[in-house]
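Here the structure comes first, spelled out in structure tokens, and everything after it is commentary.
Numbering (this note's numbering), first residue to last: 432 to 759.
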């Protein structure tokens with residue numbers, strides 16, 4: 432996978448396979464062939480077998496080997512596809528070792544429209560980007576903006592827009608608004624007395640209804656569906672809080688409490704989903720509920736009453752600072 436890589440491999444195989452020498456005489460570094468020290472073992476034969484040697488092969492009864500082989504997926508760059516999808520399976524078949532279950536070739540991160548190259552002087556330093564914008568925002572941007580499996584580029588403008596619109600305005604603002612409102616109107620506690628209405632259950636049950644689909648898409652490396660689901664859920668959560676207008680329900684505390692509880696629960700669900708993408712930020716958000724990494728399990732997004740009623744709410748700092756856009 433994806434289909435384009437599959438077609439590339441099929442085309443190569445259909446063109447006719449030729450014998451591949453597993454040693455070289457043109458260089459000296461590497462592992463000498465035991466029976467002929469003039470030959471050096473071809474680096475790709477040596478490199479690929481690390482997948483097995485790291486699992487203590489040939490001890491096939493070893494716990495590491497039994498747990499991790501055959502590999503559920505080889506996630507690789509598209510430029511080394513042939514080695515993983517043609518040569519490596521050939522080596523394994525010859526040795527009567529099970530094949531990896533899937534090979535997925537991802538694309539490149541481009542600078543503008545070109546592959547990064549020292550000779551072109553267009554290399555972007557990821558450490559400088561992280562220093563200026565943070566690691567979580569960069570991770571989020573790449574996962575959201577790049578169609579997984581294809582090439583994608585880093586655009587400073589789009590990165591800043593992504594930080595401001597999705598992370599600061601949608602996610603960060605939702606966390607801040609509902610937390611501040613609960614602090615003021617619910618004695619700083621997760622509401623205890625609630626009564627879900629159809630509007631509440633509609634937005635809460637969306638997560639349960641889509642859990643199997645989310646799992647399936649993740650298993651197919653359809654990361655874009657996953658992130659789109661989160662973005663849409665954030666938009667709907669902010670709209671829900673606005674439309675329900677809890678600030679106008681102070682004469683109906685059960686309704687006010689239910690709206691707050693529902694929104695807090697959505698913050699929890701979305702934070703769990705965001706954890707693999709922006710781990711540091713989502714963990715800071717989960718401090719609202721005194722939840723930590725060990726509490727994060729995908730299956731719990733089906734639970735509409737996971738956060739404990741009556742527990743104190745913790746105030747959190749701004750999750751993501753907005754980027755002040757520089758004037759042209």
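Built from N, CA and C at the ideal position, the CB exists for glycine as well.
Can you tell me the Cα-Cα spacing of residue i and residue j, whole angstroms?
i           : j           : result
residue 541 : residue 692 : 43 Å
residue 704 : residue 590 : 21 Å
residue 399 : residue 519 : Outside the modelled stretch of the chain, which goes from 432 to 759, sits residue 399, for which no answer is possible.
residue 723 : residue 466 : 56 Å
residue 494 : residue 503 : 16 Å
residue 526 : residue 480 : 11 Å
residue 535 : residue 529 : 17 Å
residue 759 : residue 560 : Since pLDDT at residue 759 reaches only 46, below the 50 mark, its modelled position is unreliable, and the value read off the structure follows with that caveat. Cα-Cα distance, rounded: 20 Å.
residue 477 : residue 714 : 40 Å
residue 653 : residue 647 : 9 Å
residue 675 : residue 701 : 19 Å
residue 538 : residue 656 : 18 Å
residue 634 : residue 728 : 20 Å
residue 718 : residue 459 : 55 Å
residue 517 : residue 510 : 13 Å
residue 734 : residue 710 : 21 Å
residue 643 : residue 482 : 31 Å
residue 499 : residue 533 : 13 Å
residue 584 : residue 660 : 22 Å
residue 474 : residue 453 : 8 Å
residue 508 : residue 725 : 31 Å
For residue i, write down the residues that DSSP places opposite it in a beta bridge.
i           : result
residue 470 : DSSP output for residue 470 lists no bridge partner at all.
residue 455 : 471
residue 537 : 508
residue 463 : 471
residue 620 : 743
residue 583 : 540
Skipping 5 residues on each side, what residues in its chain have a beta carbon closer than 7 Å to that of residue i?
i           : result
residue 746 : 610, 614
residue 445 : none
residue 741 : 620, 621, 623
residue 738 : 621, 695, 696, 699, 720
residue 564 : 590, 594
residue 631 : 689, 693
residue 501 : 529, 530, 531, 532
If contacts are defined as beta-carbon pairs under 8 Å, then residue i and residue j qualify, I think. What distance do you get, rounded to the angstrom?
i           : j           : result
residue 440 : residue 512 : 7 Å
residue 658 : residue 575 : 5 Å
residue 570 : residue 754 : So it is not a contact: roughly 16 Å between Cβ atoms.
residue 469 : residue 456 : 6 Å
residue 677 : residue 612 : 6 Å
Given residue i, which residues of its chain have a CB within under 6 Å of its CB, disregarding the five upstream and five downstream residues?
i           : result
residue 451 : none
residue 751 : 598, 599, 603
residue 712 : 567, 750
residue 706 : 713, 727
residue 639 : 733
residue 433 : 580
residue 492 : none
Given 7 Å as the limit, tell me if residue i has its C-beta closer than that to any heavy atom belonging to the ligand HEM.
i           : result
residue 659 : The model depicted lacks the ligand HEM and carries no ligand whatsoever.
Residues in its own chain within less than 8 Å of residue i by CB, not counting five upstream and five downstream?
i           : result
residue 462 : 471, 472, 477
residue 601 : 662, 665, 666, 669
Cβ contact check for the region 488 to 503 and the region 555 to 567: 3 or more pairs under 8 Å = no
For the 8 Å Cβ check, are there 3 or more pairs between the region 602 to 609 and the region 666 to 683?
-> yes
Looking at C-beta atoms only, is the number of pairs between the region 616 to 635 and the region 672 to 689 that lie closer than 8 Å three or more?
-> yes
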